[in-house]
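Visitor: Position 37, counted from 1, in the sequence shown is what full-length UniProt numbering calls 37; the numbers after and before it change by one each time, with no gaps.
Pasting in a structure now, in structure tokens, and then I'll have a few things to ask.
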Amino acid sequence: MTGNDQGEPLLLIAGLGVSRLWWPQGLSEAFGARGFAVARYDQRDAGQSTRLPATAARSPIAALLGRRGAAYTAEEMTDDAIAVLDALGWESAHLFGVSLGGAIAQRIAIRHPSRVRTLTTMSAVPGDAAGLETIRYVRLSTLVKLSRLKFPDTVEGDIESGVAVARLISSPGYPFDERSSREAITRIADAGVRDARSQSRQIGAQWHGPPISTIKAPTLVLHGEGDPLIRPSAARRIAVRVPGARLRILPGVGHELPEPVWDRIVDEVRGLRS
């Protein structure tokens, strides 16, 4: 877990398989400059957190198709985030989740409404979507490409897999800078981007709670217009179903957080309080 303690509490929730360090440091600093105290954490089966025992599903695709094996529930993953708030001494916080982290943030807002000041979900499917229902929002061609990436179980393999994933999910409106991407990934490299078993357990964590239509927190839904992994229809569906949600489609943005849109993202999240 990393963070600072000056300003309004903001918890950043990372996506599938990756550690807290995949959040751009510059974006965290931009939030800090606008009055937020920012914290990031590693979800179970990611980063420095504990890896759970193997299940029947050997890949994210298998998990999506229902061949899961029960490792833990989506409710338990939301409770992990609340444990982080407790450890920080935060009674409540603004939430910002990306990709799988966006779905988890939605579920936290459902399960622990008193702990959520505002909710921002980006590049995510509806938090109450399950199994085959999720498939309608996923670009399977990209998921297949991700599943076919094979790299050795070495630090160099972690770096090369990270660069390959970053290239696949990059933003069509902003040139992919392989040099800077490689430098950043070299600093944060871990096995999460190529650990299909851990990813399948995260995807296989099923939600058993109420629908997202019960979310009460002020909600912002962000999505890249050129997202190569999750269709923008997912964002539109969330925005329709969550009462009062604001929808912002970001031109030229993929399944990532490119630097040119950081200021807009911070402004949108900051404006959500009103």
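In this text, a Cβ means the ideal position worked out from N, Cα and C, and glycines have one as well.
Fair warning: this is a prediction, and the values are worked out from it, not measured in the lab.
Can you give me the start and stop residues for the alpha helix (DSSP H) that VAL221 sits inside?
Guide: Run containing VAL221: none in the alpha helix (DSSP H); it sits in the beta strand (DSSP E), 219-224.
Visitor: Tell me the rounded alpha-carbon separation between ILE230 and HIS255.
Guide: Each residue's alpha carbon lies about 7 Å from the other.
Visitor: Which of the three DSSP states is assigned to ARG246 in this structure?
Guide: Strand.
Visitor: Using three-state DSSP, classify GLU8 as helix, strand or coil.
Guide: Here GLU8 sits in strand by DSSP.
Visitor: Tell me whether PRO126 is buried or exposed, calling it buried when 16 or more other Cβ atoms sit within 10 Å of its Cβ.
Guide: Its Cβ being crowded by 16 or more others within 10 Å, PRO126 is buried.
Visitor: Less than 8 Å between the C-beta atoms of VAL84 and SER171, yes or no?
Guide: Not a contact, by the Cβ cut-off of 8 Å.
Visitor: With DSSP as the reference, identify every bridge partner of ILE238, one or two as the case may be.
Guide: In DSSP, ILE238 forms no bridge with anything.
Visitor: Would you call the stretch 237-244 in contact with the stretch 150-163, where contact means no fewer than 3 C-beta pairs closer than 8 Å?
Guide: They do not touch, by the three-pair rule.
Visitor: At which residue ranges does the stretch 94-129 contain complete alpha helix (DSSP H) runs of 4 or more residues, listed in the order of the chain?
Guide: Entirely contained in the stretch 94-129, the alpha helix (DSSP H) runs reaching 4 residues are, in chain order, 100-111.
Visitor: Give me whichever residues DSSP pairs with PHE36 in a beta bridge.
Guide: The partner list for PHE36 (beta bridge, DSSP) reads GLU8.
Visitor: By a C-beta neighbour count over all protein chains shown, 10 Å radius and 16 as the cutoff for buried, is GLN106 buried or exposed?
Guide: Label assigned to GLN106: buried.
Visitor: Can you tell me which of SER114, VAL116, LYS145 and ALA103 puts its alpha carbon nearest to the alpha carbon of ALA129?
Guide: Taking only the C-alpha atoms, the option nearest ALA129 is ALA103.
Visitor: Please classify ILE42 as buried or exposed, where buried requires at least 16 other C-beta atoms within 10 Å of its C-beta.
Guide: Before going on, a small fix: residue 42 reads as Asp here, not Ile. With 16 or more other Cβ atoms within 10 Å, it is buried.
Visitor: Unbroken alpha helix (DSSP H) runs of length 4 or more, entirely within the stretch 148-211: which are they?
Guide: Listed in chain order, the complete alpha helix (DSSP H) runs (minimum 4 residues) inside the stretch 148-211 are 155-168, 178-188 and 196-203.
Visitor: Indicate the three-state DSSP secondary structure (helix, strand or coil) for VAL266 in the structure shown.
Guide: Three-state result, VAL266: helix.
Visitor: Take GLU91 and list the residues in its own chain whose beta-carbon comes closer than 8 Å to its own, dropping the five residues that flank it on each side.
Guide: Taken in chain order, the residues that qualify are LEU85 and ARG115.
Visitor: By Cβ distance below 6 Å, which residues in the same chain neighbour VAL269 in space, the five residues on each side in sequence not counted?
Guide: Contacts found: THR120.
Visitor: Would you list the residues sitting across from ILE230 in a DSSP beta bridge?
Guide: According to DSSP, ILE230 bridges with VAL138.
Visitor: Under the three-state reduction of DSSP, which class applies to ILE82: helix, strand or coil?
Guide: Of the three classes helix, strand and coil, the one that applies to ILE82 here is helix, per DSSP.
Visitor: Note down, in chain order, each residue of its chain lying with its Cβ closer than 8 Å to the Cβ of ALA166, except the 5 sequence neighbours on either side.
Guide: Around ALA166: PHE176, SER181, ILE185 and GLU256.
Visitor: Between GLN48, SER123, MET77 and GLY271, which has its C-alpha nearest GLN202's C-alpha?
Guide: Closest by alpha carbon: MET77.
Visitor: So is PRO152 buried or exposed if we call it buried at 16+ other beta carbons inside 10 Å?
Guide: Result: exposed.
Visitor: Per DSSP, which one or two residues make a beta bridge with ILE13?
Guide: Per DSSP, GLY97.
Visitor: Tell me the rounded alpha-carbon separation between VAL18 and GLU160.
Guide: VAL18 and GLU160: Cα-Cα distance of roughly 14 Å.
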